[in-house]
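Asks: Mind having a look at this structure? Questions to follow.
In mature numbering (1 follows the signal peptide of the UniProt record, and there is no 0), the protein residues as written are -29 to -1, 1 to 251.
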C-alpha cells in the first residue's frame, strides 16, 4: 500500500499574515492560495506547518498531514494515535516553493484514519525558532468547515503544485476500502484534479487564507467503495460513485478537543475527534 497511489490529496497554502505574536508576512504577501507559505513536504506526501488561532510564538510548532501518510503505514479503522513518539524529518518550503530547511517531529499528538484522515505532529522547536531560523510562518486552522461554493486551493509541497477550485458539497459519509470518513469536502471540478503525492495537502480558503480541510482521496477508476475509489453515501444510505471526484477531510474538529493550554484532550466535553478503542 502506497499513499502515492492509494490516496490523492489537494491543498492550498497562503501567505496570509499571522498574529503579531507569531510574526507577520510581508506587506506585499501573495493572495491566499497562490504561494507556498507554510507548506511542507514529506517523503511520501504533502503537509503544512499549522497553528491554532490561539497559538503563541513560544508554543511548539505543529505540522499537519494525512493519517494515511503515517511513517508506520496505514492506520487501521478505529485506530487512534495519541502522544506517540516520532522522529520524522519534515521539509519546509519558501513562498516560491524552494526548500527553506527541515524540522523534526518529536511526537504525534493525534492521528487517525477514522471519521477524518489526519495526523498532527509536534516538532522539537517553537514557531518563533522556525521563523528566526528559516523565515517560515504557519497557516492558521479555521474554526469551522467550508461552505458550499467557497473558493479553495490545494497546495502540494510534494509536487510543488497548486490546484484551485471551489467547494462543491459536504458529503455525509465517504467510504474507501475499510475506511469511513464523515462530512467529507468534495471539490468542484475542473481545477482540483489531484494526483498521488498531494495527500496531506492543506485545503486553503482563497478568501481568508485559513486552512479549511486536508486533501486525502479521489475516485480514480469509477469503482465502488474500493481503495482509490471512494463512494459517497447520503443521509438515506444511498451510494453514489463519481469517477474523477476528489475529496478532503475536516480539520476544525481539533478545536472541539482543545484545552486552554492548547493541548488535545479527547475526553473534553463536546470533542468531535474519535477516541482510541478501549482494550478489553
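C-beta atoms are modelled at their ideal positions from N, C-alpha and C, and glycine is treated no differently.
Helix, strand or coil, according to DSSP, for residue 40 in the structure here?
Replies: If DSSP states are grouped into helix, strand and coil, residue 40 belongs with the helices.
Asks: Could you pull out every unbroken beta strand (DSSP E) segment of at least 3 residues lying fully inside the segment 37 to 115, listed in chain order?
Replies: Counting only runs of 3 or more, we get 51 to 56, 60 to 64, 70 to 83, 89 to 97.
Asks: Output the distance between the C-alpha atoms of residue -15 and residue 26, rounded to the nearest integer angstrom.
Replies: The predicted position of residue -15 is uncertain, since its pLDDT is 30 and thus under 50; a value taken from the coordinates is nonetheless stated next. Distance between the alpha carbons of residue -15 and residue 26: 17 Å.
Asks: Looking only at C-alpha atoms, which of 196, 166, 155 sits nearest to residue 86?
Replies: Nearest option by C-alpha distance: 155.
Asks: Within 8 Å, do at least three Cβ pairs link the segment 48 to 56 to the segment 129 to 144?
Replies: The answer is no - the segment 48 to 56 does not touch the segment 129 to 144, with fewer than three Cβ pairs under 8 Å.
Asks: When DSSP labels each residue in this structure, what does residue 225 get in the three-state scheme?
Replies: Residue state, collapsed to three classes: helix.
Asks: Check whether the segment 115 to 124 and the segment 61 to 71 are in contact - that is, three or more C-beta pairs closer than 8 Å.
Replies: No, because fewer than three Cβ pairs between the segment 115 to 124 and the segment 61 to 71 fall closer than 8 Å, the two stretches do not touch.
Asks: Is it buried or exposed, residue 191, if we count other Cβ atoms within 10 angstroms and call 16 or more buried?
Replies: Per the 10 Å Cβ criterion, buried.
Asks: Could you tell me whether the Cβ atoms of residue 137 and residue 172 are closer together than 8 Å?
Replies: For residue 137 and residue 172, no; Cβs fall outside 8 Å.
Asks: Could you compute how far the alpha carbon of residue 95 sits from the alpha carbon of residue 212?
Replies: Looking at the two C-alpha atoms, the distance is approximately 42 Å.
Asks: Roughly how many angstroms separate the alpha carbons of residue 80 and residue 23, rounded to a whole number?
Replies: Cα to Cα, residue 80 sits roughly 14 Å from residue 23.
Asks: Looking at the structure shown, is residue 245 part of a helix, part of a strand, or coil, going by DSSP?
Replies: Three-state result, residue 245: coil.
Asks: Check whether the Cβ atoms of residue 3 and residue 178 sit closer than 8 Å, and answer yes or no.
Replies: Result yes, Cβ atoms of residue 3 and residue 178 sit closer than 8 Å.
Asks: Among residues of its own chain, excluding the 5 on either side of residue 114, which ones have a beta-carbon nearer than 8 Å to its beta-carbon?
Replies: Excluding sequence neighbours, residue 114 sits near 24, 223, 226.
Asks: In chain order, what residues of the same chain have a beta carbon less than 6 Å from the beta carbon of residue 230, not counting five sequence neighbours either side?
Replies: 236.
Asks: Just list the beta strand (DSSP E) runs in the segment 163 to 213, keeping only unbroken ones of 3 residues or longer that don't cross its boundaries, in chain order.
Replies: As far as the segment 163 to 213 is concerned, its whole beta strand (DSSP E) runs of at least 3 residues are 173 to 176, 182 to 189, 202 to 204.
Asks: Count the other CB atoms, across all protein chains shown, that sit within 10 Å of the CB of residue 247; report buried if there are 16 or more and exposed otherwise.
Replies: Flag for residue 247 reads exposed.
Asks: Would you list the residues sitting across from residue 219 in a DSSP beta bridge?
Replies: Its beta-bridge partners are 156, 186.
Asks: Look at the Cβ atom of residue 73, then the Cβ atom of residue 245, and state whether they are nearer than 8 Å.
Replies: For residue 73 and residue 245, no; Cβs fall outside 8 Å.
Asks: Give the single residue among 166, 234, 90, 161 whose Cα lies nearest to the Cα of residue 262.
Replies: Any property of residue 262 remains undetermined from this structure, which presents the chain solely from -29 to 251.
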